[in-house]
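These notes concern the structure reproduced below.
Protein chains: 8
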Amino acid sequence: MTEDQLRALMEQVREGSMDIDGALSRLRHMPFEDLGFAKVDHHRSLRHGLPEVIFAMGKTPEQIVSIAGSLLQNSGNVLITRAPKATADVVTSRLPGGEYFPASGAIRFWADRTIRGKGKIVVVCAGTSDMPVAEEAQITAEIMGNEVETIHDIGVAGIHRLMSNRVRLTEARVIVVCAGMEGALPSAVGGLVSCPVIAVPTSVGYGASFNGLAALLGMLNSCASNVTVVNIDNGFGAGYVASLINRV
Amino acid sequence: MTEDQLRALMEQVREGSMDIDGALSRLRHMPFEDLGFAKVDHHRSLRHGLPEVIFAMGKTPEQIVSIAGSLLQNSGNVLITRAPKATADVVTSRLPGGEYFPASGAIRFWADRTIRGKGKIVVVCAGTSDMPVAEEAQITAEIMGNEVETIHDIGVAGIHRLMSNRVRLTEARVIVVCAGMEGALPSAVGGLVSCPVIAVPTSVGYGASFNGLAALLGMLNSCASNVTVVNIDNGFGAGYVASLINRV
Amino acid sequence: MTEDQLRALMEQVREGSMDIDGALSRLRHMPFEDLGFAKVDHHRSLRHGLPEVIFAMGKTPEQIVSIAGSLLQNSGNVLITRAPKATADVVTSRLPGGEYFPASGAIRFWADRTIRGKGKIVVVCAGTSDMPVAEEAQITAEIMGNEVETIHDIGVAGIHRLMSNRVRLTEARVIVVCAGMEGALPSAVGGLVSCPVIAVPTSVGYGASFNGLAALLGMLNSCASNVTVVNIDNGFGAGYVASLINRV
Amino acid sequence: MTEDQLRALMEQVREGSMDIDGALSRLRHMPFEDLGFAKVDHHRSLRHGLPEVIFAMGKTPEQIVSIAGSLLQNSGNVLITRAPKATADVVTSRLPGGEYFPASGAIRFWADRTIRGKGKIVVVCAGTSDMPVAEEAQITAEIMGNEVETIHDIGVAGIHRLMSNRVRLTEARVIVVCAGMEGALPSAVGGLVSCPVIAVPTSVGYGASFNGLAALLGMLNSCASNVTVVNIDNGFGAGYVASLINRV
Amino acid sequence: MTEDQLRALMEQVREGSMDIDGALSRLRHMPFEDLGFAKVDHHRSLRHGLPEVIFAMGKTPEQIVSIAGSLLQNSGNVLITRAPKATADVVTSRLPGGEYFPASGAIRFWADRTIRGKGKIVVVCAGTSDMPVAEEAQITAEIMGNEVETIHDIGVAGIHRLMSNRVRLTEARVIVVCAGMEGALPSAVGGLVSCPVIAVPTSVGYGASFNGLAALLGMLNSCASNVTVVNIDNGFGAGYVASLINRV
Amino acid sequence: MTEDQLRALMEQVREGSMDIDGALSRLRHMPFEDLGFAKVDHHRSLRHGLPEVIFAMGKTPEQIVSIAGSLLQNSGNVLITRAPKATADVVTSRLPGGEYFPASGAIRFWADRTIRGKGKIVVVCAGTSDMPVAEEAQITAEIMGNEVETIHDIGVAGIHRLMSNRVRLTEARVIVVCAGMEGALPSAVGGLVSCPVIAVPTSVGYGASFNGLAALLGMLNSCASNVTVVNIDNGFGAGYVASLINRV
Amino acid sequence: MTEDQLRALMEQVREGSMDIDGALSRLRHMPFEDLGFAKVDHHRSLRHGLPEVIFAMGKTPEQIVSIAGSLLQNSGNVLITRAPKATADVVTSRLPGGEYFPASGAIRFWADRTIRGKGKIVVVCAGTSDMPVAEEAQITAEIMGNEVETIHDIGVAGIHRLMSNRVRLTEARVIVVCAGMEGALPSAVGGLVSCPVIAVPTSVGYGASFNGLAALLGMLNSCASNVTVVNIDNGFGAGYVASLINRV
Amino acid sequence: MTEDQLRALMEQVREGSMDIDGALSRLRHMPFEDLGFAKVDHHRSLRHGLPEVIFAMGKTPEQIVSIAGSLLQNSGNVLITRAPKATADVVTSRLPGGEYFPASGAIRFWADRTIRGKGKIVVVCAGTSDMPVAEEAQITAEIMGNEVETIHDIGVAGIHRLMSNRVRLTEARVIVVCAGMEGALPSAVGGLVSCPVIAVPTSVGYGASFNGLAALLGMLNSCASNVTVVNIDNGFGAGYVASLINRV
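Taken in sequence, the protein lines are chains B, H, Z, P, X, W, U and F. The numbers in my numbering rise by one with no breaks, and the one at position 147 of the first sequence is 155. The numbers in my numbering rise by one with no breaks, and the one at position 185 of the second sequence is 193. The numbers in my numbering rise by one with no breaks, and the one at position 125 of the third sequence is 133. The numbers in my numbering rise by one with no breaks, and the one at position 9 of the fourth sequence is 17. The numbers in my numbering rise by one with no breaks, and the one at position 56 of the fifth sequence is 64. The numbers in my numbering rise by one with no breaks, and the one at position 245 of the sixth sequence is 253. The numbers in my numbering rise by one with no breaks, and the one at position 15 of the seventh sequence is 23. The numbers in my numbering rise by one with no breaks, and the one at position 248 of the eighth sequence is 256.
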C-alpha cells in the first residue's frame, strides 16, 4: 500500500464512502511491510553518502552493466568490488567514468566527493601480498567520503618499522589492519593506539595458514581489547565499518 | 635511562664535562625502550576513563585481590571479568565497594561515573541464555562511561519482536548483538540500522553449534556491511570497542 | 498502535477533527510492527494445537516454573525439553499434571489430546543409546496431536531387522530416524519408503564420531532423495517438523 | 526364485512329488531377496509421478545418453541434474524433447504434466548467486507435479523485502529456502510461517564461508522449529522432499 | 511368517484346502524378511565361536545384567566392553564366572575355549598409556579363539626396541598395533612384516593430538601398504577383525 | 659390512692375524644395519608374488619409465598406479606389455599369473562414480594372484539390490567396499557376511562430503565389527590388504 | 646375542671348534638388533647430562614411584612431568630429594648440577596464565644443565614491555616463547633477535582459541624465519630442544 | 630523528642556544623508534652471512627484479624462493649470476661463500615427492654458509634404509627431515640421534592427508623429544633455523 493509496483510503473515510470497519479491515489485511518498506526507503535516502555497492563475483558483465547503469541514474557514488579484468573492460567501456583498480578488482564511479568522515582512517597492511585487500578497504573508505592514509609492509617480526609509524597510527580515528599468515599485526597495532582497530585476515600464506583461517583465529583471539574482526579478505567490509565509525 | 639520567647527561654536555660524541654514543646504546616506556605511560595517563581490567579466569582469589587492590589506589574504575562466585566472595569481602554480577561473573568498582560516550549504546541479546554475555558487554560499556540500553530475547525467528524494537535500535550510536546457535541476529539488526554493529557469537547451543563456531562463522559471513565480530562469548571486548566508537 | 487506537484515529478523520495529512503523519510514524505484532499473534492463536515449548537447558528451575506456570494459564499443551532430574522434581511438584520422561528429560503437560495428524508418524532409532533422542521426537509428535509408533534397535549392519519392519515403515506418513555412529540408517530407511524421512544424528559414539559429526555428515550426504536433516540430538525439531508434515 | 519357480514348487507339493520338509528346505535356502526384489519393483511402479533422475556429475555424455534413452522408453518424466553445457549439447541433440537450464545444469524431459501436489511450493533464494541452486529445486518440484512459485533476492539484512513477501510465503504448503554466506534466511522465513521449511545451504561466499560450511551450520542451528536441512547446494534434494510433503 | 506357519500353509496346499494361487498370494505378501530372519539366525548359529558382545557404554548395570544373563543361556562366549568399575561389580556379583579387566573395562565369560585361529595374533602397543586399548584387542581376540601375544612399549622413536622384536613380529599371522600421539608405529611395523596390520589410533596425547585425530590421520596415510585402520580407541574392532583374518 | 667382509674377518680370527677383542671391536662398530639389510632383502625375495608398485603421482613419465624398466628386469609383476593418460602413453610405448586402465590410471605388466589367493575377493562399489577406485582395488588384487569378482552400483538406499547379491557376497573370503557420499555401504555389507570387509571411502560427492571426509568418518564409525578402513580413494591399499588376507 | 655370546663364538672360530660357514650362519640368523641395542645403549651412556624423564599423565603414583626409583639408582638427573598434587605427595614422600612445582606439575631430582649449556636460555611467557608451561620449559632446561632466565608477561599488545626487554633477549643463545590466545609473541620476539626461537602454543584462551589451535596455527605461520614450533602446552619439549641447541 | 639531528641538538645544548628542558622536551617527543631503527640496522649489519630473502609467491617478475636488483648492490647473498619457471626466466635473464632450481623454485645469487656453520647439516626426505621441499631447505642452508648433506627416500616403512644411514645421521649437528603422508620420519630419526631435528611436513599425499595436515599433526605429536616443527612445505624456514643452530 503506497502513501497515495493510504491517502485515498483516508479520503474515502472522511467522505463517508467507506465506513470505519471497512477501512480497518483493509488496513488490517494490508501487507504492513509495504508501509515499512516506504519508511525504510525514505530513511535510506537520508543516509547521505552511502555508496551503492555491487559484489561482482558470480555475476556476468552484462548483469553488472545493467545494475550499475541503473544505479548511476541516482547520481550517488557507485562501487563495484571483485571484478576480474575481463568484466572490468566491459563495464568501463560501456559505462563512462569508471576507474578500475586491478589489484583488488574494484571499479569506482564518483558522483559526490564530499568528505564526511570526521577524522583520518589509516589502512595498514602487513606484507606486499596483503595489498589487494588493503586497496579494497581504502577505495571503500574513500568513496564513503573519508581521508585515507595507507601504511604498507609493517609486520610484527619487524617491530621497528611498526614503531617508526607510531605517530601516524596515533593520529588515526579508526585503523584497518590487513594481515595474512599469523595475523598478529592487529594486536601489535591495537596495543599502540586507543582508537578502534578493524582487523582483516587475508588468505595470504600457505600450508597451515589454511587460506586465512590461521590469521582469522589469531585476530579473534587478539589480546588487544580494541580489535574487532571481519571475514577473510573482506577489505570492503572493513572500509565500510571504518567509515561508519568515522562519521558517528 | 630515566628522565633524570637524561637530564644529567644533558647537563654534562652543557657543562662540557662530556663531549658530543660521547653523549651521542651513550644515547645510541641506551636501551631506547626505557624512554619509550615512559612516553607510553605518559600517554596512557591521558587516556581518561579507560578502566583497569582484570581477567579473573586462571587467577587465584589472592592474586586478584592483590592486583585489584593495587589498581584501586589509582582512583580509576576497575573491572574484574569472569570471576566465579567463590572468587567474588573473597574479593568483595576484602575490597569494599565491589559490585558482583553473578550471571557474567563481573565485579565492578566505580571511582568515576563521568559519561564520556556521545550517544547511546544498545546491547541486544537473542535469547535468555545469551544474557550473561550481554551483561558483560553492558557492564563494560557502563564503566567506560556510557549510557547503555538493553534489549533481550529478540530472535531472527520472531521477526515481529525485532521490528517492534526498531525505533530503539535506530536511536543507538553503536549496537552490540549477542547471539548463539545460528548467530543470525546481527545481520537482521545490521540491515535495520546504519550505525556500526558489533557481533558477539555465544557458545549457547548444542550439537552442530560446536560451542559457538556456527554462530561465529555466521557472523563473519554476515550479508550486512556494518557488522564486525569479536571472539565467542567476548562480551567484554564488544563493550570495550563499542565504548571507543561511542567516544570518537 | 492497537486496533482501538486505529479506530479512534479513523473516527477523528471521519469527524474532521483530524485532517488527512495529520492522520497520514501519525500512521507513517506509527511503529508499524505493533500492528504486525498483533496480526502475528492473531495468526498464532489460529495455529491450533501447536504446543508451547520451553527449552530447559541453561534455565533455573524457578525460571522454568514461572514461564511454564504462565503458559499453562492459556490451556494449551506445554512441553519442557532437556530438563535434568533435579529441575523436573521442582517443576512437577509445583505444577500439577506434569509427566516426566527421564531418558530425554522432557516434561509434558496435556491440555488438549485432539489427534490432528492425518497419518501415522514412525520414530525409528538405530541403537539403545539413541533412545533418549527418539523419545524426545516421540513425545513432541504426540503432544502435537499425532499417533506415533516407535521401532527400536534396527541398524544398518543388521539389515534383516530392518527388512522385517518394512511393512510398518511403509505405513508411515512421515518417518523420523535417529542414529549415531555412522548415521547410515536414514539412507537405508529412505530407500525402502517413499514418504519424507527426517534424519536426526545423535552424539552416540566415540573417537571419530566426534560427538555426532560423523553421523551428521553421513546423513547430509544421504544417497536417498527423501531425507532431510536436523541438528545433532535434536529429537524435538524432528518431531516438530514431522508433525507439521503430518497435518498439511 | 521367480514366481514361476515358486508355482512349480507348490504344484510339486500338491501333487506329492515333493514332501513338505523338502519344500520347506528349498524355501529356506531360496535367496529370499529375489522375491523381495519383485515386490519392491511392484511397489515402485505404484509410486506414480516420481521422475527418473540421473546425476550427471562424473558421467560421460555417452553414458548419460544411454541411461536417459533407456529411461525415456518408460514414458515417465526424466530429470538430469548437474550437466555441463558440453554434455547438455550432446544429450539434447541426441534425445529430442530435452529442455536445458544452464544455470543449474538441469535437463528436463516431460512425459506427464499431471499436477500431484496439493498446494503451492515456494522456493526462496537469498541472493542472485544462490539462483542456480534455487532453479534446481524449482525444476525438480515442477517435474514432480507441483505448482512452484519463486521469490528471489530476499536477505536477512533487508528485512523489509522479506516482510513484503510475507503473504506469499504464508500461502505456501512447503517452502524451500536457498542461502549461502551466513545462511540465516531459513530461520527468518521459518519464524513467519507455520509450514515446513527445507533449508539448502549454498556454497556462495568466500573466506570463512568455507564453501558453504558456515551456511550449513547456521541452518542446522536454526532457532525456528520448522526447519530441516539438506546438503550444501542440494537443490534437487530440497525440491524432491518438498514434493513428497506436498503430496502426502 | 514362522516356519510353523509356512509348514501349515504347505500342508493346506498338499491337502487341497488352499489352491496354489492363494498360496502364492499369501507368500507374495508375506513379509519375506521373516523368512530371511530365520535363515540369518540359522546361519548365525553356524558361525562357530563368534562371541556375543555387549557394549556397556550408556547402559545401566541392570540392563547389562539382563542382556548378558540371557545371552549366557546360549552357552557361547560373552564379552562385555567398556564397563566402568561400578557396573562390573554389579555384573560379576550377579552373574558368576565373569572376569573383569579394569584397564579396558572388559568383562569376559568363557564357555568355549576352542582355539580357532590358524596362527598367532600379535598385539603391539606404543606406550604404557595405550595398554587399555591393546588389552581390549587382546581379550577380544582371545575370546574368539586365538593365541595372542602382546608386545608393549615399542615406539618409533626407540627403533632398536622395535628391531629387537622383529622376529616375534614376523611370526605373527596378523598384527594389531595400538598407538596414540603421532600414530607412526603401524607404518614401522608394517614395513617389517608382510602380514596384514590393523592399526588402532588411541586418544592418548594432548594438545594437537586432538583426542586421537593426529594418530588416526597418520595411520590412514601410512606409507606401508599392509595397514588398515579402525576407529580411535577401538581395540575391540581390531581384535575382532584380526580374529576373522586369522580363521580364514 | 658385506658377507664377504664378515667371512674375511672370521678367517683372520681363525688364522690368528686378528685377536678376538679386535674382531669384537670391529663388529661392535660395524653398521649392523648392513647385515640387517641383507637379511631383509633375503626375506623379501621369499615374499613370492608381491608385485613391485610405482605410485605415478608427482613423477615424470621419464622417471616412471626408468624405474619400471629396471623393475621389469626382475621378471616379477609390476603395477603403476595413478598415471594420467599422457604418462601412460609414454610408458606403454616405451615398455612393451603394459596394459592401461584409464578410469583408475593403472598400468599393469604381467610376468607371473599364478593364483595365490585361497578364495575369492569381491570388490563392491556403491555408485558408478566409485568405479575408478574399485578398479584400482580389482587390478591390484588380480596382479597379486587373486580371483576377483566385482559388483557395481549397490547402494544402501536400494537395499533390494544389496540383498539380491547376498549369495555372491557370502561366497567371498574378503570383501572390498568402495563408497563415497555417506559411506554407509560397508556397514550394510559387513552385517550380511562374516568375513573381513575393507572399506574404501571415495571422494565422490559434493558439499558436506568434504572430499570424502564424510564417507571416511562414516566407515570408521561402522556398527559392523568386521570393517577396517583405508585412506580416501585408496583402492590400491584395499586390494593389497585383501590379497594378503586371502593368502594367509 | 650378547657380547659374551659373540666372544664365545669368536673363540670357537679361533679354536676351530666351529667352522667359518657355521659362524656366518649363526651370525646371519642372529637377531641383529640385539647387537644394535647394545650399541645404542653404549652410545646412550655417552649422552652426558640428558635426564631421565617420566611423563606422569595416565600413570598411577605407584607406577611412577617404581620407575623413578629404578632410574634414581643410575645417579643421573630425573624429571617427572605433569604430576598432579596427589601423585606428587606420594612420590616425594617415598623418594627423598624430589622438588615439586605445583604450577607445572614437575618433580625434579638433582644428581648432577654441571652446567653444560654454552650460553643462556631465555624463557618468555606472554601472560600470567602461560606461566605453568613456561615453568615446565625452565625446569627442563635447568635439569639439562643450563642457565635459564625468565621474562614474564610481555605481550604483543604491550609492545613497550617487549622493547624494554630487548637487551635481555638479544643476550640469549636460544629463546623459548610460550603464548596462548593469538600466539603472536614468537614472531615479535623472533624479529628482535637472530638466535633460534622455539614457540610453545598454550591452551590459554577461550572461544575461538579452540584450546590452543589458534596459537598453534599462528606460530606455524610466523613471519619470522627463526621460529620453530612444538605441540600445544609442550613446555618440556621446548626446554629439551633449547638445551640441545645450547650445547651443540 | 637522525643522528645528524641529534648531534645538532646536542650542539645547541652545549652552545646554550637551547636549554636543557627544551632539549628534553624535544627528545621526549622524538619518535624514539627512529633511534631504535638505526640501532637495529646497525645490529643487522653485524649479522654476517644472513642472506637477503625474497618470497616470490604473489609478486610479479618486475617486482622481484627490482627488489633483487637493489639487494644485490649490497654484495650479500640473495635467495629468491618459490619462483615459477616464467618468473625465473625473467629474473635470471635480467640479473646475471642467478642459479635456478626448478624443483623448489629457488633462485640463488652467491656473493660470499664463507662456511660459517660449525658442523654438518643433514637434510633427509622421506620420498621422491618430498624432494622439492628438501631442496629448498638445502639451498637455504648452503647460502647461509653450511656444509649440507642430503639423504633421500628413507621412510618409516623401510626401516632398514633408515638404519643403514644411521652413521651419517649421527654425524650431523642439526637434521632437517621433510616428510608428507603420515609424517612419521622425524620421530624415527629423532630417536636415533641426540641433535636437534627440525621437521617439515609436506603437502605430499592425498585423501586424509588433507594437504599436509596429517603430517603436521603427526610431527607436533612426535614422541621424540628433540623434534620441533615448521609450517607445511616450509623448507626455507627449516634450512634457516638449522643454519642458526649450526652457527651458535
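No residue lacks a Cβ here, since even glycine has one placed at the ideal position from N, Cα and C.
Take the alpha-carbon of I72(W) and the one of S211(F): they are about 21 angstroms apart. Judged by pairs of C-beta atoms under 8 angstroms, the region 230 to 249 of chain H touches the region 144 to 158 of chain H, as three or more such pairs exist. Setting aside the 5 residues that flank it on each side, S202(X) has no residue in the same chain whose C-beta is closer than 6 angstroms to its C-beta.
Secondary-structure assignment with DSSP links Y108(X) through a beta bridge to I115(X).
By the neighbour-count definition (other C-beta atoms within 10 Å, threshold 16), A145(W) is a buried residue. DSSP places I151(U) inside the alpha helix (DSSP H), whose first and last residues are M139 to I151.
Contact between G215(H) and N154(Z) fails: their C-beta atoms lie close to 24 angstroms from each other, not under 8 angstroms. Looking at K67(U), F218(U), G84(U) and T122(U), the one whose alpha-carbon comes closest to that of V98(U) is K67(U).
Taking 9 angstroms as the cut-off between beta carbons, the residues of the region 206 to 219 of chain U near chain H are V212, G213, Y214, G215, A216, S217 and F218, in sequence order.
In terms of Cα proximity to V182(H), the closest of S251(H), G106(H) and I28(H) is S251(H). Note that the C-beta distance between V164(Z) and V164(W) is below 8 angstroms. With a 10 Å radius around the Cβ and a threshold of 16 neighbouring Cβ atoms, T89(B) comes out buried. CA-to-CA, the gap between E179(H) and S230(H) works out to about 22 angstroms. Within the region 108 to 138 of chain P, the residues whose Cβ lies closer than 8 angstroms to any Cβ of chain H are, in chain order, A134 and G135. For I162(F), no pairing in a beta bridge is given by DSSP.
Shown here, A134(U) sits in coil according to DSSP, grouped into three states, outside any helix or strand. By the CB criterion at 8 angstroms, A223(W) and G191(W) fall inside the cutoff. With a 10 Å radius around the Cβ and a threshold of 16 neighbouring Cβ atoms, G199(Z) comes out buried. Counting along the chain, the unbroken beta strand (DSSP E) around E60(U) starts and ends at E60 to F63. Linking V21(Z) to A134(H) through their CA atoms gives a straight-line distance of about 40 angstroms.
Contact annotation for L177(Z) against chain W: no contact, minimum CB-CB distance about 11 angstroms [criterion: below 9 angstroms]. When the Cα atoms are used, P92(P) and T236(B) turn out to be separated by approximately 42 angstroms. In the same chain as A111(H), and ignoring 5 residues on each side of it, the C-beta atoms closer than 8 angstroms to its own belong to M139, P140 and E143, in chain order. For G188(U), the closest alpha carbon among the candidates P194(B), V185(B) and G226(B) is that of G226(B).
The C-alpha of M26(X) lies about 13 angstroms from the C-alpha of L14(X).
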